[in-house]
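Following: one structure in structure tokens, then a few remarks.
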Amino acid sequence: MKSTGMTRPLDSLGRIVIPKEMRISMDIDVGDSLEFYMDVETGFLSLRNYVGVACRICSSIEDLTYFRDSFLCKKCINDLKGNIGVNPIPVSVVKGPNYKEKRDYKSSEYLLQQLKDLMLEHPNAKQGEYADWLEVSQGRISQLKKML
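For the sequence shown, the numbering used here begins at -2 and goes up steadily by one.
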């Protein structure tokens, strides 16, 4: 455990505020239970996350084994040993191309002509419909209408 020399005052209710940097480095989240250890001779106070008496994976309390600062039940140990839920056939990772397809830009004159033709064919259509037909955004249709 890391030793950090730091003094913190108690508030009026006797609480200690643990700085955020220490909570992050010690993997302490809001609402976590902590264990406090006190060495009376040296006046040293240490703390760590509380390790409850239940399986870390499934929270079972039967057939527990202590492993690397946590408890695991026999069922979870066997599942981990047997790779339950893991595909037995290795799957190769295929990456897609690193480039994006270049977008087709149509000239304003071309879009204006197409919009005029569509407006003559479908005078009661909405801007969204024109946008879908021309494959542009509705905002672009609004810009083109101002150019007419």
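Glycine included, C-beta positions come from ideal geometry on N, C-alpha and C.
Keep in mind it's a predicted model, so treat the numbers as computed, not measured.
Terminal residues of the alpha helix (DSSP H) in which Y47 lies
No alpha helix (DSSP H) contains Y47, which DSSP labels as neither H nor E.
Tell me whether the region 54 to 73 and the region 29 to 42 touch, counting them as touching only if at least three CB pairs, one residue from each stretch, are closer than 8 Å.
Result no; under three Cβ-Cβ pairs closer than 8 Å.
Using alpha carbons as the reference points, say which of Y107, E106 and K143 lies closest to Q124.
Nearest option by C-alpha distance: K143.
Residues that DSSP places opposite T62 in a beta bridge:
L69
Specify the secondary structure class of E18 as computed by DSSP and reduced to three states.
helix
State the DSSP-derived secondary structure class of E32, mapped to helix, strand or coil.
DSSP, reduced to helix, strand and coil, places E32 within a strand of the structure shown.
Looking only at its chain, what residues have a beta carbon closer than 8 Å to the beta carbon of Y47, apart from the 5 residues adjacent to it on each side?
D29, S30, L31 and E32
Length of the line joining the Cα atoms of C70 and L61
4 Å
Helix, strand or coil at N121 [DSSP, three-state]:
In the structure shown, N121 sits in coil (DSSP, three-state: anything other than H, G, I, E or B).
Using DSSP with H/G/I as helix, E/B as strand and the rest coil, what is L109?
If DSSP states are grouped into helix, strand and coil, L109 belongs with the helices.
In three-state DSSP terms, what is L42?
strand
Alpha helix (DSSP H) segment containing L141, residue limits:
Q135 to M144 is the span of the alpha helix (DSSP H), which, as asked, contains L141.
If we count the other Cβ atoms within 10 Å of its Cβ and call it buried at 16 or more, is Y148 buried or exposed?
Since the first residue of the chain shown is -2 and the last is 145, residue 148 is not available in this structure.
Taking 8 Å as the cut-off, decide whether the C-beta atoms of L117 and L145 are in contact.
no
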